[in-house]
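Asks: The letter at position 79 of the sequence shown is residue 79 when you use my numbering, and the numbering goes up by one with no holes.
Just so it is clear, CB atoms sit at the ideal spot from N, CA and C, and this is done for glycine as well.
In this text the structure is predicted, and so the values were computed from the model without any measurement.
Dropping the structure in here first, questions after.
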Amino acid sequence: MASSIDLHPPIHWGQTLHSVSLRIGLTDVKYPKVDINESSIKFQATGCSGSRGEQLYSFEIELFEKIDAKTSTYRINDREINVNLKKKKGDTNNAWPRLTKASAKLPWLKADFDKMAFSEDESDQEQKKPMFNNNFNDDMYKSLRQDPRKTKPKAFLDHRTNWLLFYNLFQFTAYLLVFSRLIFYFIARGHLQNAYRLVENPIKLCQSLAVLETIHPLIGFTKGDWTSPLIQFLGRNLILFVVINFNNEIKASPVVPCLFLVWSFVELFRYPYYGIRLLNKDNRIIAWLRYTLWIVLYPLGAFLEGLTIYKSLNYYQSKRYFSIDLPNAMNFSFNFVLFLQIYLVLLPLGLIHMMQHMWNQRKKTLIKKNK
């Protein structure tokens, strides 16, 4: 019944009158193989689950009853894999007491009681009983009910979702303020010189709060990787709070407002996309914009970041800010200008890494969704 490969992904299953649903907890899925036939389902893919990192996962489940394999479907998204198995027409009045043919418990397979609908109208308590047949008695239901999702209680999930919705809405609103202020400033004056002061506080607030995007996956609020948000957070804040903040000359340059326009324009579609996903909704337009605009905006943003650093080199060379010269009590030296020059050399490598990551996400989200 199980694959010879030891690693199994976490699975939560539920059912309605007409179908059985599986929620496979894998992120960053690559090379998926899903084989659905009338009596079993086979799965194999490379992906991430919890703190394991990228691994090869697989399972094979012999189903409790036969299904309609032709109308059964699956969908892969950023956070999980959703499988919908259609019950055979003559079987739609019966509840499955378990997912598997055998009665043995599998530690990686749990019931998803949010998806256990025992009638067409879940609010009608009187209609729940007809779905139960002789194979499904009260003792079986109690036994099944003793296997809830223990790791994340419903109250935790509600608080987490509410917080993430608030965070994404706040960030979207703040970036919209930055973007609109700069656009109106340009329309009124025909240039962006000295526009930095107009958006200094909101852009600093947004970039400071972005540290939460590293903390959220570490504490289990989100399932994504924490390293990519950390790299972006450190890179942007080096430019904003160090390179720009202490350089009065670069603040007056139109390069900085142009950089902020690119940063904010990217986020105007990223945060709504995350918010919609938290509500378990799909919006093809937002998803397309989220995973298409970066093709132009990421290279443009990297160019403007590099230009901001390059135009600041002479300033920091003359002022010696953040540089430590010898001799000193620690017998240690640090050349901040050399550090910025090295950062400039490595900046294209970081851009390539981010673009490869986003391209993989685009293929999973857009291309597979259209198949």
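(1) Among 275, 41, 97, 302, which residue has its Cα nearest to the Cα of residue 165?
(2) Three Cβ pairs or more, each shorter than 8 Å: is that satisfied between the segment 323-335 and the segment 259-267?
(3) Is the CB of residue 25 under 8 Å away from at least one CB in chain C?
(4) Going by DSSP, what residue range makes up the beta strand (DSSP E) through residue 45?
(5) Who are the near neighbours of residue 109 in its chain, counting only those whose CB is closer than 6 Å to its CB and skipping five residues on each side?
(6) Give the range of the beta strand (DSSP E) segment to which residue 242 is assigned.
(7) Alpha carbon to alpha carbon, what distance is there between residue 80 and residue 176?
(8) Between residue 214 and residue 43, what straight-line distance do the alpha-carbon atoms span, to the nearest angstrom?
(9) Evaluate residue 47 with the Cβ neighbour count: other Cβ atoms within 10 Å of its Cβ, from every protein chain shown; 16 or more gives buried, anything less gives exposed.
(10) I'd like the span of the alpha helix (DSSP H) that includes residue 248, first residue to last.
(11) Would residue 306 pass as a contact of residue 347 if the rule is Cβ separation under 8 Å?
(12) Measure the C-alpha to C-alpha separation of residue 322 and residue 279 and round it to an integer number of angstroms.
(13) How long is the line joining the alpha carbons of residue 304 and residue 343, rounded to whole angstroms?
(14) Could you name the residues of the same chain whose beta carbon sits closer than 6 Å to that of residue 20, not counting the 5 residues immediately before and after it, in chain order?
(15) Within 10 angstroms of its Cβ, does residue 7 collect 16 or more other Cβ (buried), or is it exposed?
(16) Note the first and the last residue of the continuous beta strand (DSSP E) segment covering residue 84.
(17) By the three-class DSSP mapping on this structure, what secondary structure does residue 32 have?
(18) What's the gap between the Cα of residue 380 and the Cα of residue 161?
(19) So, at 8 Å on beta carbons, what are the nonlocal neighbours of residue 286 in its own chain, with the 5 sequence-adjacent residues on each side left out?
(20) Is residue 257 buried or exposed, if buried means 16 or more other CB atoms sit within 10 Å of its CB?
(21) Please report the straight-line C-alpha distance between residue 336 and residue 231, rounded to a whole angstrom.
(22) Can you tell which of 313, 24, 338 has its C-alpha closest to the C-alpha of residue 324?
Replies: In this structure, then:
(1) Of the candidates 275, 41, 97, 302, the one whose C-alpha sits nearest the C-alpha of residue 165 is 275.
(2) No, the segment 323-335 is not in contact with the segment 259-267.
(3) Looking for chain C here will not work: only one protein chain is present.
(4) Run containing residue 45: 40-48, per the beta strand (DSSP E) assignment.
(5) 11, listed in sequence order.
(6) Boundaries for residue 242: no beta strand (DSSP E) harbours it, and the DSSP string shows neither H nor E there.
(7) The straight-line gap from Cα to Cα measures roughly 30 Å.
(8) If you take the alpha carbons of residue 214 and residue 43, they lie about 31 Å apart.
(9) Flag for residue 47 reads buried.
(10) It spans 248-251 - the alpha helix (DSSP H) in which residue 248 sits, taken as one unbroken run.
(11) In this structure, residue 347 lies closer than 8 Å to residue 306 by Cβ.
(12) If you draw a straight line from the Cα of residue 322 to the Cα of residue 279, it comes to about 45 Å.
(13) Their backbone Cα atoms lie some 14 Å apart in a straight line.
(14) For residue 20, same chain residues with a beta-carbon under 6 Å away, outside a window of 5 residues either side, are 85 in chain order.
(15) Label assigned to residue 7: exposed.
(16) Residue range 81-87 is occupied by the beta strand (DSSP E) that includes residue 84.
(17) Here residue 32 carries a strand assignment [DSSP, helix/strand/coil].
(18) Because the chain spans 1 through 371 in this model, residue 380 falls outside it and cannot be assessed.
(19) Same-chain partners within the cutoff: 269, 272, 273, 276.
(20) With a 10 Å radius around the Cβ and a threshold of 16 neighbouring Cβ atoms, residue 257 comes out buried.
(21) It is roughly 19 Å from the alpha-carbon of residue 336 to the alpha-carbon of residue 231.
(22) Among 313, 24, 338, the Cα nearest to that of residue 324 is on 338.
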